[in-house]
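Participant: In full-length UniProt numbering, the protein residues as written are 1 to 159.
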Amino acid sequence: MTKKYIWIDCEFTGLDHKNDKILEIACLVTDTNLKILDPSGLITRVRNSKNTPQDVEKQLISYLKRFIGRDKGILCGNSVYVDRIYIEKDFPKVVELLYFRQIDVSSIREFGLVHNNLLMMRAPRKNNKHEAMEDIKESIAELRWYANNYLKKSPLYQC
């Protein structure tokens, strides 16, 4: 199988991973050209639902295995290290399906703002809805824009 990008976004009660909880988690899978493989994705409300953390973990594992098989996916998103911390705490079996490397879109943005501020100011603006699935779609669109405008390899490269 070819590499797959695993886009996960969580909404939390706060940013203290020791005490705060995941409210909502969404997941989309893309290929390395950022084509979404299943537009409906997976979205689960965790808090105030009948889903236990074990149920959510099973749903995520089942969803991811459809696309990655026995391979590991590369976790992607904005400030995705925060999501990974919560995933490691609440869904440790999901982490086993993730490669140790990850793509943090916000890191690319921060680097670009320093090195090519004029170009980066043209990047798509975020809506900041704090809805997990919408945030993932924005992150994919943002990375696609960076690939085509900032990280451009050659005139033949299209994403």
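All residues carry an ideal CB built from backbone N, CA and C; glycine is no exception.
Please go through the same chain and pick out, in chain order, the residues whose beta-carbon is closer than 7 Å to the beta-carbon of Asp83, but skip the five residues on each side of it.
Facilitator: So the list reads Ile8, Asp9, Cys10, Gly77, once near-sequence residues are dropped.
Participant: Does Phe12 pass the burial test, meaning 16 or more other C-beta atoms within 10 Å, or should it be called exposed?
Facilitator: Classification for Phe12: buried.
Participant: Starting from Leu97 and walking both ways along the beta strand (DSSP E), at which residues does that stretch end?
Facilitator: Careful: Leu97 lies outside any beta strand (DSSP E) and carries neither H nor E.
Participant: Spell out the partners DSSP gives residue 164 in its beta bridges.
Facilitator: Nothing about residue 164 can be read from this structure; the chain reaches only from 1 to 159.
Participant: Using the Cα positions of Ala26 and Leu119, report the straight-line distance between them to the nearest angstrom.
Facilitator: Those two C-alpha atoms are separated by around 30 Å.
Participant: Starting from the C-beta of His17, find all residues in its chain whose C-beta is less than 7 Å away, skip the five residues before and the five after it, and write them out in chain order.
Facilitator: So the qualifying residues of the chain are Ile85, Tyr86, Lys89.
Participant: Could you check whether Ile136 and Gly73 sit closer than 7 Å to each other, using their CB atoms as the reference points?
Facilitator: No; because the gap between Cβ atoms is not below 7 Å, this pair is not in contact.
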